[in-house]
Amino acid sequence: MTIKAKFIDKILNDIILSLKKLGADETSPVYEIPPSKEMGDIAFPMFKYAKTLKQNPALIAEKVKEGLKGNELMDKIEIKGPYLNIFFNKNLIAYDLLKDILDKKDDFGRQPDKKIKVAIEFSSPNTNKPLHLGHCRNNALGDSIAKILIFNGYETVKINLINDRGIHICKSMIAYKKFGNNTTPEKEGKKSDHLVGDFYVKYAQEEKNNPEIEKEALELLNLWEQNDRETHELWVKMNKWALDGIKETYKRMGIEFDQLEYESDNYLLGKDLINEGLNKNIFYKEEDGSIWVNNEDAGLDKKVLLRSDGTSVYITQDIGTAAKRHDKYNFNRMIYIVGSEQIYHFKTLFTILKKMGFDWADKCIHLSYGMVNLPSGKMKSREGTVVDADNLMDLLYDMSMEVLNEKGRDLTEQEKKETAVKISLSALKYYLLNFSTVKDVMFIPEKSISFDGNTGPYLQYTTARLNSLFNKSEDAGVLNNQSVFNHKFNEDEANLVISLLEFEDAVIKAGETLSPLEICSYLYDLARTFNKFYHDNPVIRAETKEIKNIRLLLSKASLIILMNGLKLLGIDDLKKM
Ligand code: ARG
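Mapping to our numbering: the sequence shown position 503 is 1566, numbers consecutive.
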C-alpha cells in the first residue's frame, strides 16, 4: 500500500464515523482528487446522503466537518457547496514520506513482486535499412514500459524480432548485386546499416524506370528459400552489415533486449499449426489448395494462411512465433509494441489464436502507437528522405553542444561531450514519451531540446541544480520526527510534500496503463513544484537551522524521486551543467 493510500484510509475511517454519527449507513464513501492543489488534497461529495438524512448536501458537509473537529490527520477542511475539501496534515505525511524516501532511495516507489511474467516485443526492425524516427519512438516506449513494469514488480522478457528475410531484404540485395561492385562499408567509409539502406533506396529508384527488377528480387527470394549458396553468402554478409549498424544505434540509444529472435529461424514455424487447424476444421481449403480462415464471425475478413504453393504469409509466422514464445516463456501477458498501421493484423492474429484454442490468446495485446512526423512532412524510407535515428541523434547532439558552449561554463571538454550525449538522448526520449501512445507525434527538434518547458532537458537541469546543491552542502539534513512535526510548512513546502507523495501512484498508474506519459506528467509537475520552492525559499541560507534542515530533506527527497522517475524513462540525470 502506498503512503498516500494508507493516509487516505485513515481519513476514510474518520469520515465514516462522522457520517454514522449523523445517521448515514456508510462503509466506503466515494472521494475525488480535486483538480487543483488550492482546493485541497482530497474531496468528499455529500450528495448521496441527502436522501437518507433528509438534509441538503451542503448542510451535511458542515456537520461532518463539525464531527471531524480536532482531527489530527487534517490541516484544514473547507466546504465548497456539497463538497468537503480536505487538506492533509503535511507534518504527519512529511515524516512518513521523507523517512520512506530516504531509507529506500533507488527503491522508493518500487512495488512488491507480483509473480507475473510479461513478454514485450518491441523495435523489431527489418534488416534492409537503418532504424528511423519511428523506431526511436518504439524503442523509447518498449524500454520505458519494461522498466515501469519491472518497477511495478513484474518480471519481463524483452524480445526483439529481427525481420531478416523476405522480399524487402532481397530488394536491397538485388540492388547491391547489380550496382554494388562488391563495395563494403569500409571502402565507402559508411556506417554499415546505412550502406544497406542506400541499396534499398537504389532499388526503389530503379524500380520506377525498370519494374522488371521486382521479378529479379522474387527470383532471389526463391533462391534464398532453396538454400542457394551464393545467395545465402550475400544475405549473411548484408544482414551482418545491417544488424551490426542497428546494434550500434541501440547501444547509442541505451536500448537493450533479453532475446533476439530472427524471422529466418521462425518463418517456417506456423505451417504445422495451420495444417492441424485445417484437420480440426478451424480453417478451410480453397480449390487452388490455399488455406484460409474465415473471421467474419469476429467482424473481420477472410484471411489466407498458406498460399496455394504452400508458402506462408506474414501472419502465419506470427501464429507460430506466438505459440513458440508461450511454450518458452509461459508468459502471463504478451505485449506487442508495433505501429498503429498493424492494428488490423494483430486483431486478426489474436482472433486466430483464440479459434485455435490457445487459452492464452486473451493475454496478448497490441500496444499500437501513432506515426512520428517531422515538420517537413512524413518519413518515407523508399524515397530516401527517411529521417534515420543516427542522423537525428547527431543533430540533437550538435544542438546540445551549442547550448553547452554558451552555458556550460564549468565543464571540461570531456564533460561537455558526455553531457551533450545525455541531453540529446533525454530530449529525444522524453519528447516521444510525453505523448499519449495512440497519438501521432510531430517531432520538433528545437522544442525537444529546450531547457524550459515540458522537456527532458528541463528535468535534467533540475537534477543538475539539486546535485550541485548537495555538492555545496556537506549534509543532506537529518530526519527526526520532532523537527518535522514542529515545522510550520509554508505553501511551497506543502505543495512539494504533496507532489512527492504522488510518485507512487504515478508509478502504479503508469504500470496499469502501460503509459510512460504518466511518469512524464508527474515528473514535470514535481520539477515545477520543486523549482518554484527552490526559487522562492532559501535552502542553505534559510532563516533558521531547523528550516534549513527540513528544506534540505525536501530537496534530497525531490532529487531521489526525480532520478527514480527519469530512470523509468531511460533518461540520465545530470551532475552539473
Ligand atoms: N518488422 C515489422 C515491420 O517493420 C514489425 C514486426 C512486428 N512484430 C510482429 N510480431 N509482427 O513492420
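Quick reminder that beta carbons are idealized off the backbone N, C-alpha and C, glycines included. In this text the structure is predicted, and so the values were computed from the model without any measurement.
Can you tell me whether Asp1321 sits near the ligand ARG, meaning its C-beta is under 7 Å from at least one heavy atom of the ligand?
For the ligand ARG, not one heavy atom lies less than 7 Å from the Cβ of Asp1321.
Starting from Lys1143, trace the beta strand (DSSP E) in both directions and tell me its first and last residue.
Under the DSSP assignment, Lys1143 falls in the beta strand (DSSP E) whose first and last residues are Met1137 to Lys1143.
C-alpha gap between Leu1075 and Asn1119, whole angstroms:
Leu1075 and Asn1119 have their C-alpha atoms some 21 Å from each other.
Would you tell me roughly how many angstroms separate the C-alpha atoms of Trp1304 and Gln1268, rounded to the nearest one?
Answer to the nearest angstrom: the Cα atoms are 22 Å apart.
Where the beta carbon is closer than 6 Å to any heavy atom of the ligand ARG, which residues qualify, in chain order?
Spelled out in chain order, the answer is Glu1184, Ser1187, Asn1189, Leu1224, Asn1226, Asp1381, Tyr1399 and Val1401.
Report all residues from its chain with a CB closer than 7 Å to the CB of Gly1447; omit the five preceding and five following residues, and keep chain order.
Its pLDDT being 46, under 50, Gly1447 is placed unreliably by the model, and the measurement read from it follows with that caveat. Around Gly1447: Val1264.
Measure the C-alpha to C-alpha separation of Asp1166 and Pro1579 and round it to an integer number of angstroms.
Going by C-alpha positions, Asp1166 is about 25 Å away from Pro1579.
Could you check what DSSP says for Ser1403 in three-state terms: helix, strand or coil?
Of the three classes helix, strand and coil, the one that applies to Ser1403 here is helix, per DSSP.
Does the pairing of the segment 1188–1205 with the segment 1149–1161 give three or more beta-carbon distances under 8 Å?
Cβ pair count under 8 Å is below three, so no.
Cα-Cα, which of Ala1182, Leu1459 and Gly1633 is closest to Arg1396?
When the alpha-carbon of Arg1396 is set against those of Ala1182, Leu1459 and Gly1633, the nearest one is in Ala1182.
Spatial neighbours of Val1367 within its chain, please: CB distance less than 8 Å, with the 5 preceding and 5 following residues excluded, ordered by chain position.
Cβ within range, chain order: Ser1353, Ile1354, Trp1355 and Val1376.
Distance CB(Glu1324)-CB(Ile1179) smaller than 8 Å:
Taking 8 Å as the Cβ cut-off, Glu1324 and Ile1179 do not qualify as a contacting pair.
Could you check what DSSP says for Val1356 in three-state terms: helix, strand or coil?
When DSSP states are grouped into helix, strand and coil, Val1356 belongs to the strand group.
Are the Cβ atoms of Leu1455 and Cys1199 separated by less than 8 Å?
The beta carbons of Leu1455 and Cys1199 sit closer together than 8 Å.
Do the segment 1486–1498 and the segment 1510–1517 make contact, defined as three or more Cβ pairs closer than 8 Å?
By the criterion of at least three beta-carbon pairs nearer than 8 Å, the segment 1486–1498 is in contact with the segment 1510–1517.
Taking Cβ to Cβ, would you say Leu1522 is nearer than 8 Å to Ala1590?
The answer is yes: Cβ separation under 8 Å.
Ser1091, buried or exposed, once every other Cβ within 10 Å from all chains shown has been counted against 16
Flag for Ser1091 reads exposed.
Tell me which residue opens and which closes the alpha helix (DSSP H) that Ser1431 is part of.
That residue, Ser1431, is in no alpha helix (DSSP H); its beta strand (DSSP E) goes Cys1427 to Tyr1432.
Taking the continuous beta strand (DSSP E) assigned at Val1181, which residues delimit it?
Per DSSP, Val1181 belongs to the beta strand (DSSP E) from Lys1180 to Glu1184.
Grab me the residues of Cys1526's own chain with a C-beta within less than 6 Å of its C-beta, minus the 5 sequence neighbours each way, in chain order.
Looking at the sequence shown, residue 1526 is not Cys but Thr. Same-chain partners within the cutoff: Leu1625, Asp1636 and Leu1637.
Spatial distance of Phe1596 from Val1127 (CA atoms)
Taken atom to atom, the span from the alpha-carbon of Phe1596 to that of Val1127 is near 34 Å.
Using 8 Å as the threshold, is the segment 1594–1611 in touch with the segment 1143–1153, meaning 3 or more CB pairs across them?
No: fewer than three Cβ pairs fall under 8 Å.
Thr1312 burial status per 10 Å Cβ neighbour count (16 or more: buried)
It is buried - the Cβ of Thr1312 has at least 16 other Cβ atoms within 10 Å.
Please identify the residue among Ile1140, Gly1086, Asp1104 and Glu1101 whose C-alpha is closest to the C-alpha of Lys1117.
Checking every option, the nearest Cα to that of Lys1117 belongs to Gly1086.
To which residues does DSSP link Lys1221 through a beta bridge?
Ile1183.
Where do the N-terminal and C-terminal ends of the alpha helix (DSSP H) with Asn1148 fall, by residue?
For Asn1148, there is no enclosing alpha helix (DSSP H); the enclosing beta strand (DSSP E) has its first and last residue at Tyr1146 to Phe1151.
Given that a residue counts as buried once 16 or more other Cβ atoms are within 10 Å of its Cβ, and exposed if not, what is Lys1278?
Burial check for Lys1278: the Cβ neighbour count within 10 Å stays below 16, so the residue is exposed.
Would you kindly work out how many angstroms separate the C-alpha atoms of Lys1549 and Asp1072, rounded to a whole number?
The residue you asked about is not Lys; residue 1549 is Asn in the sequence shown. One C-alpha to the other measures close to 24 Å.
Roughly how many whole angstroms lie between the Cα atoms of Ala1157 and Val1501?
In a straight line, the C-alpha of Ala1157 is about 37 Å away from that of Val1501.
Please list, in chain order, all residues of the same chain as Arg1445 whose beta carbon is under 6 Å from its beta carbon, the five residues on each side excluded.
In this prediction, Arg1445 has a pLDDT of 40, which is less than 50 and means its spatial position is unreliable; nothing more can be read from the coordinates.
Please go through the segment 1503–1554 and give each complete beta strand (DSSP E) segment of 3 or more residues, from N-terminal end onward.
Given a length threshold of 3 residues, the segment 1503–1554 has no whole run of the beta strand (DSSP E) inside it.
Chain-order list of residues whose beta-carbon lies under 6 Å from that of Asp1227 (same chain, five-residue window excluded)
Taken in chain order, the residues that qualify are Thr1190, Asn1302, Tyr1325, Glu1326 and Ser1327.
Answer yes or no: do Glu1556 and Tyr1585 have a C-beta to C-beta separation smaller than 8 Å?
No. Outside cutoff.
At what residues does the alpha helix (DSSP H) containing Glu1324 begin and finish?
For Glu1324, no alpha helix (DSSP H) encloses it; the enclosing beta strand (DSSP E) starts and ends at Gln1322 to Tyr1325.
Environment of Lys1441 [buried if 16+ CB atoms lie within 10 Å]
Its pLDDT being 42, under 50, Lys1441 is placed unreliably in this model, and the coordinates cannot settle the point.
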